[in-house]
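First up is the structure itself, then whatever we jot down about it.
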Amino acid sequence: MSKKGKYEVQKFTGIPVEADADGKYQLKVDQNGDAKLHTWRTGKHTKGKYQGPGQLMLTENNLTVVILAAEPMAFKDRHSETPLQRFLTTKVDDDVLQQGLAELK
């Protein structure tokens, strides 16, 4: 691929979230109470800008995810991860971010 078609690719690790009765985001957990870590990447058509851990993003399946970590990814390796749709300007509360970061370790 020509240089012109290349774009910067970042890999993001996050956990899906859901809104509780108060409209605040909480980590989505399975029946055992465990939150599952997943990875996504920026794509050519990803909208918005990454601002930092705790920010929410929307996947291509319209799943809302809290971003816990970001790292650069080689352009040639991009097909190993699913692209995300857009970054949201919303962030989760600090306690939810800390729960997620504890899962990351």
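Final position of the sequence shown in numbering that gives the first Met the number 0 is 104; the numbers increase by one with none missing. Glycine is no exception: its CB is placed at the ideal position from the N, C-alpha and C atoms. Since the structure is predicted, the reported quantities are computational estimates derived from the model, not experimental observations.
- For the pair Ile14 and Val65, the CB atoms are nearer than the 7 Å cut-off.
- Assignment of beta-bridge partners to Tyr24 by DSSP yields Ala18.
- Note that the C-beta distance between Leu55 and Thr63 is below 7 Å.
- A direct Cα-to-Cα measurement between Ala101 and Gln9 gives close to 22 Å.
- Taking Glu7 as reference, the option from Val95, Pro71, Pro52 and Ser79 with the minimal CA-CA separation is Pro71.
- Short of 7 Å from the beta carbon of Phe74, and not among the five residues preceding or following it, lie these beta carbons of its own chain, in chain order: Lys5 and Val8.
- Note: Leu83 is bridge-paired with Thr58 in the DSSP secondary-structure output.
- Listed in chain order, the non-local C-beta contacts of Thr58 below 8 Å within the same chain comprise Trp39, Val64, Thr81, Leu83 and Gln84, local neighbours out to five positions each way being set aside.
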